[in-house]
Each structure stands twice: as structure tokens, then as C-alpha cells.
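Chains as they are written, first to last, in our numbering: chain A, 1 to 545; chain B, 546 to 740. A short worksheet on the structure shown next.
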Amino acid sequence: MTTTTPQDLIPKTPPNWRKYFSFSTDHKVIGIQYIVTAFFFFLLAGVFAMIMRGELITPEPDLLDRTVYNGLYTMHGTIMLFGWTFPVLSGFANYLVPLMIGARDMAFPRLNAAAFWMIPVVGILFILSFLVPGGPAQSGWWAYPPQSLQNPTGNLINGQFIWLLAVAISGVSSIMGALNIVTTIIRMRAPGMGWFKTPAFVWTVLAAQLIQLYGLPALTAGAVMLLCDLSVGTAFFDPAQGGNPVLFQHFFWFYSHPAVYVMVLPVFGIFSEVFPVYARKPLFGYKIVAVSSLIITGLSGIVWVHHMFASGTPGWMRVVFMASTMLISVPSGIKVFAWVGTIWGGKLRLDTSMLFAMGGLINFVFAGITGIMLSSVPIDIHVNNTYFVVGHFHYVLYGTITFGIYAGIYHWFPKMTGKMYYEGLGKLHFYLTIAGTALNFLPMHPVGLMGMPRRVASYDPEFAFWNVLASLGAFLLGISTIPFLLNMVSSWISGKEAGNNPWRAIGIEWLVSSPPEHENFEEIPIVIAEPYGYGKDEKLTENMG
Amino acid sequence: MTDSTITDKELHLEHEEDNRMWGFSIILLSESVIFLSFFAGYIVYKTTAVNWLPPGVSGLEIREPAINTIILVSSSFVIYIAERFLHKENIWGFRIFWLLTMAMGSYFLYGQAVEWMGLEFGFTSGVFGGVFYLLTGFHGLHVLTGVLLQAIMLIRSFIPGNYAGGEFGVESTSLFWHFVDVIWIVLFVLIYVWQ
Chain A
1 MTTTTPQDLI PKTPPNWRKY FSFSTDHKVI GIQYIVTAFF FFLLAGVFAM IMRGELITPE
61 PDLLDRTVYN GLYTMHGTIM LFGWTFPVLS GFANYLVPLM IGARDMAFPR LNAAAFWMIP
121 VVGILFILSF LVPGGPAQSG WWAYPPQSLQ NPTGNLINGQ FIWLLAVAIS GVSSIMGALN
181 IVTTIIRMRA PGMGWFKTPA FVWTVLAAQL IQLYGLPALT AGAVMLLCDL SVGTAFFDPA
241 QGGNPVLFQH FFWFYSHPAV YVMVLPVFGI FSEVFPVYAR KPLFGYKIVA VSSLIITGLS
301 GIVWVHHMFA SGTPGWMRVV FMASTMLISV PSGIKVFAWV GTIWGGKLRL DTSMLFAMGG
361 LINFVFAGIT GIMLSSVPID IHVNNTYFVV GHFHYVLYGT ITFGIYAGIY HWFPKMTGKM
421 YYEGLGKLHF YLTIAGTALN FLPMHPVGLM GMPRRVASYD PEFAFWNVLA SLGAFLLGIS
481 TIPFLLNMVS SWISGKEAGN NPWRAIGIEW LVSSPPEHEN FEEIPIVIAE PYGYGKDEKL
541 TENMG
Chain B
546 MTDSTITDKE LHLEHEEDNR MWGFSIILLS ESVIFLSFFA GYIVYKTTAV NWLPPGVSGL
606 EIREPAINTI ILVSSSFVIY IAERFLHKEN IWGFRIFWLL TMAMGSYFLY GQAVEWMGLE
666 FGFTSGVFGG VFYLLTGFHG LHVLTGVLLQ AIMLIRSFIP GNYAGGEFGV ESTSLFWHFV
726 DVIWIVLFVL IYVWQ
């Protein structure tokens, strides 16, 4: 579908790569800056993962020193979250939200640029922490005390200190971004765009960013106290001095469980945008999909203790949080049915973006089932701290979120660059990725049920078979990024012109040129319909088409 | 440039002023969660700690902090009066009451410093010492920020015509000051009243 229609607008400004290295306040430049920077960190943390999987091919700890292994899994998790998932989704929100709601830019463009430029700083700090004496932080991405309070080198500047500093900067950046996005969505929608004419992606981004605003400060509070313990000798979380290490877990998970929804909600939004286009049908249950995002925002604030069932949590609390955790799967389940309802009976076009979205949907259902299993206290206590948990959340973070991000990149690549990608390379990328995901993360479930603990460099030889499979999967995932990178770079340089709307999609972003002009619109659109009128012959806006 | 784009731009500017107030309010709400987290932590520590007060400490003196509380709470009314003067375009009335607010805020900080220096425990004196200095220190940092913001706004009032096109800076500083005030009331009840 690369035919260009006669009324296609040709962008007037010539493309200039230098703007991507400048302090630009254009939300489209910032969006791409986020996505490309984040992908670099994705590759870096992916290399860490492959080194760890290399260690785990054999049961003996033969490749790495154990402390190096600890540092690697800590930085793998941390960089994947704070370097890849959060920033890349901020990139999508930045690029798409103003275009989708008919605004010329974000509410606070300079704040936006400042928030982005903190991300490279965060990443560089993480990388530099490998160079300080004692190496990077080794207490896992959650930095539980008392492990995170150990400071064997005695230096003020140690791996854990840099880790806390970088996470704090990332937090400031996220709050600045959240404030900007929330203000933009609430205040700057085009005339006529009532809440139920607002695209589902915008709803999910709003829901996600509201979580940042109420959740992130709790982590900040915990991090400040941890930093005081580590650096100036206070006793907040140090049990030896009467402190309470479990309190840190509460602060941490009060944010970090909702943080999963910060990451997955925009991906739900991407699914909701992609399925209607490639199934040629309106989004099934659009209003319910939209509202269920906000229900998730609310419920995600009252489930965090399910991460702490094994932390001496009293029985009544376990029951309450088991129930709330099962409850939050309802709005997510509603969305799954809505997507299936959208695909059902549609005229499917299996382009790469649709393949990734469907793959992500299947993986999400699987991750959801293991998630419900884990919410049940007896099962959770049995598999707590095993590879079952690792398998579960990698099905969420890779199988669902990263698949959704790939779907989004392929879907909006023509809009962002004005060029078409190569479908063949895209499909190759998809098949390698879905095979690698299954091979890498499925074996973690049986091996976890059998009792293999996570965060170890050596294990019982009876687990060897599953670990070899998982390692092969990890290398396959590494290989899968090669066709992706080839595709993106070569298409951007010499791909075919895409035109305004190669997918015949409905949405304000598809009414402007590809890539859109600076300030997006000659004239602000006046919205008269909801953005999912597939199969209906109606106009989306009064003045643009 | 056509007429429609000009009105569009004007609309945009007006919008921007409102957006900034929105954004600032959102930041304050988010900031309040940090305090709520600290308060929650305080309550957990106070209700579960085995040895709550450090050895040799019997409790906190409440007289000085009570005076400080009265000063800070009253300053919220004073800053409101200052703001009203600005709305009525009485710039000297604004400056006098604004300066009075700053003086009261500074007195609060002075009182806090005097109290700290008279205490016989430090921030490493167990969990109590830690949360006491964390809460009062983090709040004090906000008071200091408020006074500095007020100083900037006072200086800006001497730039001719500066407040002709809206007073976002003054309004947001004032909102921030009320915020700092409300936080202090909760903090005072938690730390000094509930002993």
C-alpha cells in the first residue's frame, strides 16, 4: 500500500540530520531523539543479557566473576527500564500526542527538550558506574537494603551511589515529561475533540502519565532515604541500627508496580491504534477501552504488596492484595477482548506492524495468565524469586511491550520519516523476534517451577537443558535486531516516498504531510468524528478531510 | 500571515499562561506525594520502633515550634493580602506585604535553626533522629525556596510594566507558599503534638 494520492502534501523544510543533535523544542524532533537514544540503550542492555546467558549455558560459573554477574543483571534491568522502555515510550508520546490531538506542539516545549537531554546523562552515568572502584550497583534493579547499603570500597562515589543519582535524574525527567504530557492532553485538544473523540493512544498515555505523577514521588522519597543511609549514615533502612528495610520495599513497589502500567498502557494504546487500521474495522468497544485505562491508573495504586508476599507480610494484607491484583486483570482483560473483537471478521492485512501487534497480543495473554497465577499467594510463595517470575515479566516487558513498540515503529515510520520501510526485512525481523522470544522466555517457566532461583551465575546441572534453550533464544533475539537496524537505516536514507497516508488510516496525524511540517498544521483541525470510522464513509475533521 | 493565524497565536499565548498555572499545580500535587510518603514512613517508624527516642532524649520542646507555626500560618494570610494589592494595581501595598511575608518566612527558618542547634541528638541518632531531620530539613528547604522565589518576584516588581501582562510568577509563588504552609501543619501535628 504505497500508492500516493494526488493531494499529498510535500514537506517544505528540507530534512536536516543536525537538528537531532540540537536542543530542539520541536516535539517531533524530541520524539525521534527519545526513540533513537533509547534504542541504543536497548542494544547495550541486550548485550549485557547475552553475556549473562552466555554464562548460564553451563551450570558452573566459568565465564564471569560472580560480582561482575551481579553488576550485569542489575544494570541490564535498570538500563532496560530507565534507558529503553520509559524513554522510547516518552518518544512515542512526544511524537504522536500533539499530532493526534491537533496541537502545534506540547504545552511546554523547552521543558520537553530539557527532559529529553537528561536521558543521555542518565545513560552515561550508568555506563560510567562500570569504571568506579567496586564496579556498578549489584543489588538488582530494585536496590533492596541491606544489600544496597553495602559499600565494600568505602568510597562516597560508588556504584550504588551513581545508580541512585542516575535514577533520581531519570525521575526528574519523567516528572517533567508527565507534567508536560498531562497538561497538553487536557488543555490542548483541537476544537471539537471531546474525550470520546480522542484517540485511544492518547487516553492510554494520559492514564500512564498520571501514574508517574502520583507514583514516582514515593520512589523518590525512598531513594532519598536510601541515599542518606548509604552516604551520611542515617538508620532508615538499616536493621542493625533499628531501621526498617521492608519500608523501602513499600516505597519501591508503590511506584514500581504501577510503573509496569506506565510502560504497558501506551503499548495498549499502540495496539488499539494498529488493529483497526490493519483489520479495516472500528476499534471494538472504543469507549470502554478508553475508560478502562483510567480504571487501571486507579487500581494500579493498590496492588503493590503482591511483590512482597514473602517479605513477612501479614495474612490479612496478603488476602487484600491478592484480591486487588486479580481485580486489575479485569480492565486489562476487557482490552484483550476488545482487540480480539476488532480483529474478528476483519479484512486482515498482515503487514509487519500488524504481525508484531498480534504477536504482542498473544504474548500478553500468556503473560496475563502467569500473572494471575502469581497473584495467588500460595503459588507466589512457591515460585517467589525463581525463574518463573523472570519468565513472566519478560513476557510482559519483551513479549508485550517491546513487540508493541516494534509495531508502533513500523506503523508510524512512514509518518516520521516520509519513507517506506522494506516489508521483507520487516517480516524477517518479526519471525526472528517471535521465535527468539519463545525460545528465550518459555523455558524460564518450567525451570522456575522446578525451583531454579534467579540472579545466580551457577545452578544445579538438572536445569541445564532449559538454560541452553534460553541462551540460544537470547542470541537469536540479539541477531533479530540486525535486520531491524538495516531496514530502518536503509529505508530512512533511500526508501520509497510514503505519502501522507500509506495505510489508509484514520487519524489527524495521517492528514498532514510525512514528515509533518514544523508546528504541524497550517490551520488547527476542527474534529467532528471519532477516529475509528473504518467502513463508514465519514469525514474526521471539518476543515482537513 | 493571514488574520486567522494571528488570532490563533494570541489565543495560544493566553492559553500558555493558563497552562503554566495548570502545570505548576500538577507539580505541587506530585510534590505533595513525596511529603505523604515521608509522613507514612514516620507513622510506620513511630508505631513499630522498639526504641523510638534516642537514649537521653525525653521528647521535643513544643514552645518554639508552636510560635513558628503561628508565624508561618499567619504569613499565608499576609501573602494573600499582598496578592490582592497587586490585583488592585497598588504596587507599593504589594511590595510591603510581600516583604512582610519574606520576613516571616525568614523568621521561621531562623527559629528552625535555633531549635536544631539546641537539640542533643543528630541525624544519625537512630531512626527518630533520621526522620526528624529529614522531615524538618526537607520542609525547611521548601521554605527557603519559597523565600528565594519571593525575593525574585520582589525584584521583578521594580522592572517597569513587568506585571502588566499577568502575574503568573506571583500567583505561583503564593500558591507554593500556601502549600508549604499546609505541609507544615501536618508535620507539626505529627512530630510535635503526637509525641
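From the three backbone atoms N, C-alpha and C, an ideal C-beta is built for every residue, glycine too.
(message) Within 8 Å of any Cβ in chain A, is that where the Cβ of PHE724/B sits?
(response) No, because no Cβ of chain A sits closer than 8 Å to the Cβ of PHE724/B.
(message) Is the separation between the beta-carbon of PRO378/A and that of GLU273/A shorter than 8 Å?
(response) Result no, Cβ atoms of PRO378/A and GLU273/A do not sit closer than 8 Å.
(request) Let me know the secondary structure DSSP gives THR342/A once reduced to three states. (result) Residue state for THR342/A is assigned as helix, using DSSP reduced to three classes.
(request) Note down, in chain order, every chain B residue with its Cβ under 7 Å from the Cβ of LEU179/A. (result) In chain order: GLY568, ILE571, ILE572.
(request) Under the assumption that GLY360/A contacts PHE403/A (Cβ atoms under 8 Å), give the Cβ distance between them as a whole number of angstroms. (result) Rounded to the nearest angstrom, the Cβ distance from GLY360/A to PHE403/A is 3 Å, consistent with a contact under 8 Å.
(message) Does chain A have any CB closer than 8 Å to the CB of ASP548/B?
(response) The predicted position of ASP548/B is uncertain, since its pLDDT is 43 and thus under 50; no value can be drawn from it.
(request) Please decide whether TYR214/A counts as near chain B, where near means a Cβ-Cβ distance under 8 Å. (result) Answer yes: the Cβ-Cβ gap between TYR214/A and chain B drops below 8 Å somewhere.
(request) To the nearest angstrom, report how far apart ILE572/B and ALA107/A are at their CA atoms. (result) CA-CA distance, ILE572/B to ALA107/A, rounds to 14 Å.
(message) Short of 7 Å Cβ to Cβ, which residues in the segment 658-674 of chain B face chain A?
(response) Residues PHE668, THR669, GLY671, VAL672.
(request) Run the CB neighbour count on PHE622/B, radius 10 Å, all protein chains shown included, and call it buried at 16 or more, exposed below. (result) A residue is called buried once 16 or more other Cβ atoms fall within 10 Å of its Cβ, and PHE622/B, having fewer, is exposed.
(request) Alpha carbon to alpha carbon, how far is GLY123/A from LEU213/A? Give it in angstroms, no decimals. (result) Taking the straight line from one Cα to the other gives about 22 Å.
(request) May I ask which residues mark the beginning and end of the alpha helix (DSSP H) holding ASN70/A? (result) Residues 66-78.
(request) Could you confirm whether any beta carbon from chain A is found closer than 8 Å to the beta carbon of GLY586/B? (result) Closer than 8 Å: yes.
(message) Is ASN543/A close to chain B? Criterion is C-beta to C-beta, closer than 8 Å.
(response) No, no contact with chain B.
(message) Below 8 Å, how does it come out for the segment 87-97 of chain A and the segment 51-61 of chain A: are there three or more Cβ pairs, yes or no?
(response) Put simply, the segment 87-97 of chain A does not touch the segment 51-61 of chain A. Fewer than three CB pairs are less than 8 Å apart.
(request) For ILE443/A, go through chain B and note every residue whose CB falls closer than 7 Å to its CB, in chain order. (result) Going by the sequence as given, residue 443/A is Pro instead of Ile. Residues of chain B passing the Cβ test: none, with the nearest at roughly 39 Å.
(message) Only counting the same chain, and skipping five residues up and downstream in sequence, which positions put a Cβ closer than 6 Å to that of PHE569/B?
(response) Answer for PHE569/B: SER717, listed in chain order.
(request) Give the secondary structure of PRO258/A by DSSP, where H, G and I count as helix, E and B as strand, and everything else as coil. (result) If DSSP states are grouped into helix, strand and coil, PRO258/A belongs with the helices.
(request) Figure out for me which residue from VAL734/B, VAL738/B, HIS723/B has the closest Cα to the Cα of LEU574/B. (result) The shortest Cα separation from LEU574/B among VAL734/B, VAL738/B, HIS723/B belongs to HIS723/B.
(request) Can you give me the start and stop residues for the alpha helix (DSSP H) that ASP229/A sits inside? (result) Where ASP229/A is concerned, the enclosing alpha helix (DSSP H) stretches over 200-232.
(message) Taking the alpha helix (DSSP H) that PRO378/A belongs to, which residues open and close that run?
(response) Residues 377-383.
(message) So, at 7 Å on beta carbons, what are the nonlocal neighbours of ASP548/B in its own chain, with the 5 sequence-adjacent residues on each side left out?
(response) With a pLDDT of 43 at ASP548/B, under the threshold of 50, the modelled position of that residue is not reliable, and the figure given next carries that caveat. Result list for ASP548/B: empty, nothing under 7 Å.
(message) Using a Cβ-Cβ cutoff of less than 6 Å, which residues in the same chain neighbour TRP253/A once the five nearest sequence positions on both sides are dropped?
(response) Excluding five sequence positions before and after TRP253/A, the CB atoms of its chain that fall closer than 6 Å to its own CB belong to TRP304, HIS307, given in chain order.
(request) Determine the burial state of GLN740/B: buried for a count of at least 16 other Cβ atoms within 10 Å of its Cβ, exposed for fewer. (result) The residue in question, GLN740/B, is exposed, as its Cβ has fewer than 16 Cβ neighbours within 10 Å.
(message) Using a 10 Å radius around the Cβ and a threshold of 16 neighbouring Cβ atoms, would you call ARG18/A buried or exposed?
(response) The residue is exposed, with fewer than 16 neighbouring Cβ atoms inside 10 Å.
(message) In the DSSP assignment, the alpha helix (DSSP H) including GLU716/B goes from what residue to what residue?
(response) Per DSSP, GLU716/B belongs to the alpha helix (DSSP H) from 713-733.
(request) Sort ARG504/A, PRO217/A, VAL330/A by Cα distance to ARG349/A and report the nearest one. (result) Measuring from the Cα of ARG349/A, the nearest candidate turns out to be ARG504/A.
(request) Could you pull out every residue in the same chain whose Cβ sits closer than 6 Å to the Cβ of ALA529/A, ignoring the five residues on either side in sequence? (result) Excluding residues within five positions, the ones whose Cβ falls inside 6 Å are GLU538, LEU540.
(request) Could you work out which residues of chain A lie near ALA594/B, taking near to mean beta carbons separated by less than 7 Å? (result) Residues of chain A passing the Cβ test: GLY242.
(message) Here's a check: name, in chain order, each residue in its chain whose Cβ is nearer than 6 Å to the Cβ of SER353/A, leaving out the five neighbours to either side.
(response) VAL274, ALA407, TYR410, HIS411.
(request) Please state whether DSSP places VAL595/B in a helix, a strand or coil. (result) Annotated three-state conformation of VAL595/B is coil, per DSSP.
(request) Report the three-state DSSP secondary structure of GLU497/A (helix, strand or coil). (result) Strand.
(request) Would you please state the rounded distance, in angstroms, between the beta carbons of LEU477/A and PRO443/A? I believe it to be under 8 Å. (result) That belief does not hold up - the Cβ atoms of LEU477/A and PRO443/A are roughly 13 Å apart, past 8 Å.
(message) Using beta carbons (cut-off 8 Å, strictly below), is SER717/B in contact with chain A?
(response) Not closer than 8 Å to any Cβ of chain A, the Cβ of SER717/B fails to qualify, so no.
(request) Determine which residues of the segment 104-117 of chain A have a Cβ less than 9 Å from any Cβ of chain B, and write them out in chain order. (result) Cβ contacts with chain B come from ARG104, ALA107, PHE108, LEU111.
(request) Assuming THR204/A contacts LEU283/A (C-beta within less than 8 Å), just tell me the rounded distance between them. (result) Wrong, their Cβ atoms sit about 12 Å apart, outside the cutoff.
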